Structure formats: structure tokens, C-alpha cells
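Here's the structure we're looking at; comments come further down.
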Amino acid sequence: MLAVFWFSPVPAEQNVKPQYMEALQDRVVGGSVAKPHAWPWQISLQYLSRGSYYHNCGGSLVRRGWVMTAAHCVSIGRVRRVFLTLYMGSAIEPLFFCLIVVTVYAIKDDIALLRLSSNVTLNSYVQLASLPTPGQILPNNNPCYITGWGSTQTGGPLSDVLKQAYLPVRNYETCSRSDWWGSIVKKSMVCAGGSRNSGCSGDSGGPLNCKVKGRYYVHGVTSFGSSLRCNTPKKPTVFTRVSAYIGWMEGVSTCRLLLANHTESLFTRTNENCLS
1 MLAVFWFSPV PAEQNVKPQY MEALQDRVVG GSVAKPHAWP WQISLQYLSR GSYYHNCGGS
61 LVRRGWVMTA AHCVSIGRVR RVFLTLYMGS AIEPLFFCLI VVTVYAIKDD IALLRLSSNV
121 TLNSYVQLAS LPTPGQILPN NNPCYITGWG STQTGGPLSD VLKQAYLPVR NYETCSRSDW
181 WGSIVKKSMV CAGGSRNSGC SGDSGGPLNC KVKGRYYVHG VTSFGSSLRC NTPKKPTVFT
241 RVSAYIGWME GVSTCRLLLA NHTESLFTRT NENCLS
């Protein structure tokens with residue numbers, strides 16, 4: 001049911017291809033088990049297949065009725081045949097509840113907003129992600145953590161607990177060098193890691209949680225990494241830079257910007273329930 005998506009052909013200066021990270025294989029690499037409820041805005045997008053739910057992508061709860069994820073996780077060709085639900089907490093089991101995604105808004109870059117069928121009840125275990133200010137750029141080596149479900153080594157078995165891995169920011173000047181990602185990386189992206197730790201397949205859409213003045217903000221949406229292996233040197237994990245899209249997200253979620261030219265409502269679901 002799942003497919004691996006690729007970017008356009010890689011420029012000549014690159015010898016590896018970028019690869020989206022939603023396949024059900026190795027995920028956070030080089031990380032450790034997250035403490036329960038350490039990242040209370042982390043969610044799991046899941047699809048229904050033969051009576052069971054399976055993790056597909058990560059995401060972040062940004063408003064009580066809205067989830068932020070990667071656009072390639074909810075591409076048009078897949079949402080018509082993939083049933084998405086949301087599970088919150090430190091485990092992949094449904095600790096709290098399941099909600100139906102009723103509408104998907106996506107733009108040309110790798111970010112999407114999912115409108116839920118009802119608002120989430122916030123408590124000490126489920127909280128909203130803090131987002132950066134518009135246009136904010138983090139300095140090189142700013143401390144961040146990627147979070148997701150999966151193994152701690154390439155090719156390892158899957159895990160049913162949330163993992164985290166320390167990924168310092170790599171600034172655009174470094175990440176866009178010809179022996180790093182080169183021209184593949186755009187200024188609307190943010191790079192992090194590039195050595196022992198990384199994101200990997202299955203982490204797509206999940207957050208890059210970055211510490212700024214003692215508080216964690218979601219500065220990135222996990223997008224792609226190296227096709228060779230998940231922790232390839234000089235091939236850091238690449239994220240959609242959230243601060244580049246704050247205005248768009250605020251417009252969509254408050255209905256001031258309904259469907260601008262660069263915005264597309266991919267699908268709307270009605271009369272669904274978590275058991276169908």
C-alpha cells in the first residue's frame with residue numbers, strides 16, 4: 001500500500017539521492033527512547049489495512065483541531081486509499097483517542113495542515129507545539145531533537161515507543177555546499193545532524209524540536225534524507241522550515257486565507273469513524 005517517493009534527479013555534484021521518509025522501515029537512527037510525554041505534541045498518522053492500524057508518518061499538534069505534517073505524507077494519490085488516524089502519547093498504541101482527518105491543506109512545498117473532525121482536549125500529556133516567529137533562522141549548531149517511532153540503527157526492527165535523537169542545526173551555508181546537499185537544499189528548508197544521528201524512513205512529517213531560550217519550538221517538519229543510509233556523513237536530515245510558513249498556516253487555520261492560489265484542499269471526509 002505504501003510507496004517510496006523521490007525528488008527530481010540529483011545534480012551532478014551529488015552522488016546520492018534524497019529520499020522521503022515515510023516507508024515502514026528504520027526510523028530515528030542513533031537515538032534513544034523518549035521519556036513518557038516528553039514531546040506531548042507528537043502524533044502518529046496511521047492507515048487502516050485489513051482491520052489493523054499502521055504508522056505511516058509523524059506530525060505535530062499545532063492547534064486543538066489542527067495537525068502539521070509533511071505534504072508528501074498526504075499526497076492526492078494516497079489519501080484516497082489510505083485511512084489516516086491520530087494517536088498521541090509516547091507509545092504508538094492509542095493511549096487517548098482516535099480522530100479522523102476531515103480536510104487536508106497542502107502547498108507546493110513539503111508541508112501540510114490536517115483539519116480534525118473535532119478539537120483535541122489538552123491536558124498534561126497532550127499539548128500544542130510552540131512554533132517559531134515568522135522568518136526565524138536558527139544559528140549553526142543550535143540544539144534540536146528529532147522524534148519518531150522506530151529502530152535506533154539502520155535496518156533494525158521497529159519499535160512501539162517514541163524515540164528521540166539529538167540533531168544540531170547545520171546552517172544553509174554549510175548544508176548547501178557541493179559535498180553536502182548542494183543545490184537540492186533551499187532556503188525554505190533547515191538541515192540538522194549529518195553524522196551519527198539522523199531521521200530515517202517512517203519519520204516523515206514529524207517535528208524537529210529545537211531549544212531556544214530554554215524552551216522547545218517545532219522548527220522543522222521532517223522531509224527527506226540520504227538514499228544510501230540514514231546517517232550518511234555530510235547528508236544531514238532535511239526539514240521544511242516552519243518559520244517560512246507561519247503566515248500561511250495562520251491564514252488557513254483561521255479561515256482568513258481560505259484557498260489561495262498556492263493552497264489546495266486535497267480531500268474532505270464526512271461521516272467517518274475510527275472503526276470503519
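All residue numbers for the sequence shown refer to UniProt numbering, where the first residue is 1 and numbers rise by one.
Ideal Cβ placement from N, Cα and C applies to all residues, glycine included.
None of these values were measured; they are calculated from a predicted model.
(message) Using a 10 Å radius around the Cβ and a threshold of 16 neighbouring Cβ atoms, would you call T222 buried or exposed?
(response) Looking at its Cβ environment, which holds 16 or more other Cβ atoms inside 10 Å, T222 is buried.
(message) Taking the straight line between their C-alpha atoms, what separation do you get for M21 and D203?
(response) Below a pLDDT of 50, predicted positions are generally treated as unreliable, and M21, at 48, falls in that range; the measurement from the model is reported next regardless. Taking the straight line from one Cα to the other gives about 6 Å.
(message) Here's a check: name, in chain order, each residue in its chain whose Cβ is nearer than 6 Å to the Cβ of W180, leaving out the five neighbours to either side.
(response) For W180, where only same-chain residues beyond five positions count, the Cβ hits under 6 Å are K234.
(request) Leaving aside the five residues before and after L114 along the sequence, list all residues of the same chain whose C-beta is less than 6 Å from its C-beta, in chain order. (result) Here the set comprises V67, V101 and V104.
(request) Identify whether F146 lies in helix, strand or coil by the three-state DSSP scheme. (result) Before going further, note that residue 146 is Ile rather than Phe in the sequence given. Strand at I146.
(request) Mark K163 as exposed unless 16 or more other C-beta atoms lie within 10 angstroms of its C-beta, in which case mark it buried. (result) Label assigned to K163: buried.
(message) Quick check on the DSSP output: the beta strand (DSSP E) that includes C191 runs from which residue to which?
(response) Counting along the chain, the unbroken beta strand (DSSP E) around C191 starts and ends at M189 to A192.
(message) Am I right that V126 and V33 are in contact with their C-beta atoms under 8 Å? What's the rounded C-beta distance?
(response) Rounded, the Cβ-Cβ distance is 19 Å, inconsistent with contact.
(message) So for T174, helix, strand or coil by DSSP?
(response) T174: helix per DSSP, three-state reduction.
(message) Which same chain residues end up closer than 6 Å to N119 when comparing Cβ atoms and leaving out the 5 residues on each side of it in sequence?
(response) The residues are R64 and G65.
(request) Return the CA-CA distance between L138 and G247, expressed in angstroms with no decimal places. (result) Rounded to whole angstroms, L138 to G247 spans 18 Å at the Cα level.
(request) Measuring alpha carbon to alpha carbon, tell me which of G59, S124, W149 and P132 ends up nearest A112. (result) Comparing Cα positions, the closest option is G59.
(request) Buried or exposed for A71, please, with buried defined as at least 16 other CB atoms from any protein chain shown within 10 angstroms of its CB. (result) In summary, A71 is buried, with 16 or more beta-carbon neighbours lying within 10 Å of its beta-carbon over all protein chains present.
(message) Residues in the same chain with beta-carbon distance under 6 Å from Q42, minus the five sequence neighbours each way, listed in chain order, please.
(response) So the list reads T147, once near-sequence residues are dropped.
(request) Work out the CA separation of C98 and A106 for me, nearest whole Å. (result) Straight-line Cα distance between these residues: approximately 22 Å.
(request) State yes or no: is the C-beta of L167 within less than 8 Å of the C-beta of G205? (result) L167 places its beta carbon 8 Å or farther from that of G205.
(request) Return the residue from the list G220, S52, V252 and H55 that minimises the CA-CA distance to C144. (result) The candidate whose alpha carbon is nearest that of C144 is G220.
(message) On a Cα-Cα basis, can you pick out the residue from V190, D110 and P132 that is closest to Y216?
(response) Of V190, D110 and P132, the residue nearest in Cα terms is P132.
(message) So, for V185: in the same chain, excluding its five sequence neighbours on each side, which residues have a beta-carbon less than 8 Å away from its beta-carbon?
(response) The answer, listed in chain order, is Y172, C175, S176, C191 and V238.
(request) Please list the segments of the beta strand (DSSP E) lying wholly inside the segment 213-241, counting only runs of 3 or more residues, in order along the chain. (result) Restricting attention to beta strand (DSSP E) runs no shorter than 3 residues, the segment 213-241 encloses them at 215-226 and 237-241, ordered along the chain.
(message) Quick check on this structure: which residue in A38, S49 and R241 has the alpha carbon closest to the alpha carbon of I170?
(response) This sequence places Arg at residue 170; Ile is not what is there. Of the listed residues, the one whose Cα sits closest to R170 is R241.
(request) Locate the beta strand (DSSP E) running through A106, then write down its first and last residues. (result) Annotation: the continuous beta strand (DSSP E) that includes A106 extends over V101 to I107.
(request) Report buried or exposed for N123, applying the criterion of at least 16 other Cβ atoms within 10 angstroms of its Cβ. (result) A residue is called buried when at least 16 other Cβ atoms come within 10 angstroms of its Cβ; N123 does not meet this threshold and is exposed.
(request) Locate the beta strand (DSSP E) running through Y166, then write down its first and last residues. (result) For Y166, the enclosing beta strand (DSSP E) has its first and last residue at L162 to Y166.
(request) Using alpha carbons as the reference points, say which of N140, S117 and S52 lies closest to C210. (result) Taking C210 as reference, the option from N140, S117 and S52 with the minimal CA-CA separation is N140.
(message) Rounding to the nearest angstrom, what Cα-Cα distance links Y53 and C73 in this structure?
(response) Each residue's alpha carbon lies about 16 Å from the other.
(message) Please report the distance separating the alpha-carbon of N56 from that of D109.
(response) Roughly 19 Å between the two C-alpha positions.
(request) Identify the continuous beta strand (DSSP E) that holds N56 and give its terminal residues. (result) The continuous beta strand (DSSP E) containing N56 extends over residues S52 to R63.
(message) Going by DSSP, what residue range makes up the beta strand (DSSP E) through L138?
(response) Run containing L138: none; DSSP gives neither H nor E here.
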